[in-house]
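S.K.: Please find one structure pasted underneath; my questions will follow.
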Amino acid sequence: MAEKKAFVTGHPITHSRSPKIHGYWLQQYGIDGSYQAIDVAPADFADFLKSLREEGYRGGNVTIPHKEAAFAGVARRDHAADEIGAVNTLWFEDGVLWGGNTDGYGFAANLDDHAPGWAANGPAVVLGAGGASRAVIHALKERGIKDIRIVNRTLARAEELSRHFGPGVSAHGAVGELLADAGLLINTTALGMHGNETLAADPAGLPDHAIVTDIVYVPLETPLLAAARARGLKTVDGLGMLLHQAVPGFERWFGRKPEVTPELRRMIVADIEGQR
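In the working numbering, the protein residues as written are 1 to 276.
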């Protein structure tokens with residue numbers, strides 16, 4: 001039987017931790033398979049998609065800057081990809097190339113792991129209106145949260161998302177009084193990365209039962225999470241979203257649903273800390 005092959009592609013791609021995650025699972029489950037990082041320039045991406053079957057790939061992951069091109073380039077898409085407007089996972093089904101998006105799944109599964117019952121906490125305040133926020137909003141709506149407040153400095157971008165996702169999703173140019181009754185505060189922006197100490201929202205304004213999460217995972221504890229922890233609130237870092245979003249793809253390509261274990265998390269944390 002031929003080796004099962006999958007990949008992650010982006011440009012650049014050397015920073016990706018996906019090969020470590022999938023390589024760990026392949027080894028853990030004794031699967032004859034491979035998962036490699038492939039750097040593909042934007043101009044070459046369409047040809048890359050066309051070559052996948054010939055090269056023997058069962059599918060793969062897509063990251064920046066190819067998620068929108070993958071959305072346009074696949075034959076079929078799942079509901080999450082259509083809602084989010086981007087594809088991060090590819091697979092073949094009956095000879096047809098499908099595209100899906102597992103970012104929302106990863107976000108929700110991370111909170112399920114570390115803050116069970118989180119979906120009953122709402123309303124939710126989402127900081128940012130970029131691609132990552134679309135995945136988060138999709139996940140919040142899928143879990144039944146009916147009051148989602150998008151905060152973005154460029155109000156027009158938040159309004160665009162509000163129109164896209166429909167009733168229960170509102171747009172705001174500043175946090176203001178939005179935190180007073182919020183049960184969830186989610187940062188989807190780059191605030192907190194690379195030593196940026198600016199807080200987009202002060203968790204002091206949240207009620208005591210609120211949960212604060214950040215999709216940034218370098219550093220693991222962003223300034224927002226540190227401030228929330230100091231305030232005594234439940235916090236969830238963004239690393240679990242990265243780990244959990246990898247699960248559906250691995251299951252499709254290699255035929256086994258993998259587990260996100262403490263050992264896997266420790267391995268990726270050590271990798272992050274080793275590259276500082």
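The C-beta atom is built at its ideal place from N, Cα and C for all residues, glycine as well.
Whose C-beta lies closer than 6 Å to the C-beta of ILE38 among residues of the same chain, with five residues either side of it excluded?
M.R.: Residue 38 sits at position 38 when you count from the first residue of the sequence shown. Excluding positions up to five away in sequence, the list reads PHE7 and THR9.
S.K.: Does DSSP put GLY183 in a helix, a strand or coil?
M.R.: Counting from 1 along the sequence shown, the entry for residue 183 is found at position 183. The answer is coil: DSSP assigns GLY183 none of H, G, I, E or B.
S.K.: Taking its Cβ as the centre, do 16 or more other Cβ atoms sit within 10 Å of LYS20, making it buried, or is it exposed?
M.R.: In the sequence shown, counting from the first residue as 1, residue 20 sits at position 20. With fewer than 16 Cβ atoms within 10 Å of its Cβ, LYS20 is classed as exposed.
S.K.: With a threshold of 6 Å on Cβ separation, who are the neighbours of GLY104 within its own chain once the five nearest residues in sequence on each side are excluded?
M.R.: Along the sequence shown, one-based indexing puts residue 104 at 104. Same-chain partners within the cutoff: ALA80, ALA135, HIS138 and ALA139.
S.K.: What span of residues does the beta strand (DSSP E) with GLY60 cover, start to end?
M.R.: Here residue 60 refers to the residue found at position 60 of the sequence shown. Element bounds for GLY60: 57–62.
S.K.: Jot down the residue ranges of each uninterrupted alpha helix (DSSP H) in the segment 16–70, minimum 4 residues, whole runs only, in chain order.
M.R.: 18–28 and 45–51
S.K.: Just checking: is the beta-carbon of GLY183 within a distance shorter than 9 Å of some beta-carbon in chain D?
M.R.: No chain D is part of this structure, which consists of one protein chain only.
S.K.: Can you tell me whether DSSP reads ARG163 as helix, strand or coil?
M.R.: Numbered from 1 along the sequence shown, position 163 holds the residue referred to as residue 163. DSSP, reduced to helix, strand and coil, places ARG163 within a helical segment of the structure shown.
S.K.: Taking the straight line between their C-alpha atoms, what separation do you get for VAL40 and PHE48?
M.R.: For the purposes of this step, residue 40 is taken as residue 40 along the sequence shown, with counting starting at 1. For the purposes of this step, residue 48 is taken as residue 48 along the sequence shown, with counting starting at 1. Straight-line Cα distance between these residues: approximately 8 Å.
S.K.: Please work out which residues of its chain come closer than 7 Å, Cβ to Cβ, to GLU197, disregarding the five sequence neighbours upstream and downstream, and give them in chain order.
M.R.: The count along the sequence shown starts at 1 and reaches residue 197 at position 197. Legend: pLDDT at GLU197 = 45, less than 50; position of this residue unreliable, value from coordinates given subsequently. Contacts found: PRO223.
S.K.: Classify PRO258 as helix, strand or coil using the three-state DSSP reduction.
M.R.: Locating residue 258 in the sequence shown gives position 258, counting from the first residue. Looking at PRO258 - three-state DSSP - the assignment turns out to be coil, as it is neither helix nor strand.
S.K.: Per DSSP, HIS172 is paired with what?
M.R.: In the sequence shown, the residue the question calls residue 172 occupies position 172. Looking at the DSSP output, HIS172 bridges to VAL151.
S.K.: Note the first and the last residue of the continuous beta strand (DSSP E) segment covering GLY99.
M.R.: Looking up residue 99 in the sequence shown gives position 99. GLY99: member of the beta strand (DSSP E) spanning 96–100, first to last residue.
S.K.: Between the segment 89–98 and the segment 158–174, are three or more C-beta pairs nearer than 8 Å?
M.R.: With the cut-off at 8 Å, the segment 89–98 and the segment 158–174 do not touch.
S.K.: Spatial neighbours of LEU179 within its chain, please: C-beta separation below 7 Å, excluding the five flanking residues on both sides.
M.R.: Within the sequence shown, residue 179 is the residue found at index 179, counting from 1. Result list for LEU179: VAL125, LEU185, ALA201, GLY205 and LEU206, in chain order.
S.K.: Please report the residue range of the alpha helix (DSSP H) in which ALA246 lies.
M.R.: By 1-based counting over the sequence shown, the position of residue 246 is 246. That residue, ALA246, is in no alpha helix (DSSP H); it is neither H nor E in DSSP.
S.K.: Alpha carbon to alpha carbon, how far is GLY130 from HIS194? Give it in angstroms, no decimals.
M.R.: Walking along the sequence shown from the start, residue 194 turns up at place 194. Walking along the sequence shown from the start, residue 130 turns up at place 130. Confidence at HIS194 is low in this model, with a pLDDT of 47, below 50, so the placement of that residue is unreliable and no value is reported for it.
S.K.: Hey, would you say the C-beta of ILE13 is under 8 Å away from at least one heavy atom of the ligand ADP?
M.R.: Within the structure as shown, the ligand ADP is missing, as the structure has no ligands at all.
S.K.: Which value, in whole angstroms, describes the spacing of the CA atoms of ARG265 and LEU243?
M.R.: Within the sequence shown, the letter at position 265 stands for residue 265. Within the sequence shown, the letter at position 243 stands for residue 243. Their backbone Cα atoms lie some 8 Å apart in a straight line.
S.K.: Please name the residue in ASN187, ASN61 and PRO116 whose C-alpha comes closest to that of ALA132.
M.R.: What you label residue 132 is simply residue 132 of the sequence shown in a count that begins at 1. That would be ASN187, whose Cα lies nearest to the Cα of ALA132.
S.K.: Helix, strand or coil for ARG77? Go by DSSP, reduced to three states.
M.R.: Taking the sequence shown and counting its residues from 1, the one referred to as residue 77 is at position 77. The answer is strand: DSSP assigns ARG77 an E or B state.
S.K.: Residues in its own chain within less than 8 Å of GLY23 by CB, not counting five upstream and five downstream?
M.R.: Sequence index remark: in the sequence shown, residue 23 carries index 23 (1-based). In the same chain as GLY23, and ignoring 5 residues on each side of it, the C-beta atoms closer than 8 Å to its own belong to TYR35, in chain order.
S.K.: Considering only residues of the same chain and omitting the five flanking positions on each side of PRO123, which have a CB-CB separation below 6 Å?
M.R.: Taking the first residue of the sequence shown as 1, we reach residue 123 at position 123. Same-chain partners within the cutoff: ASP147 and ALA182.
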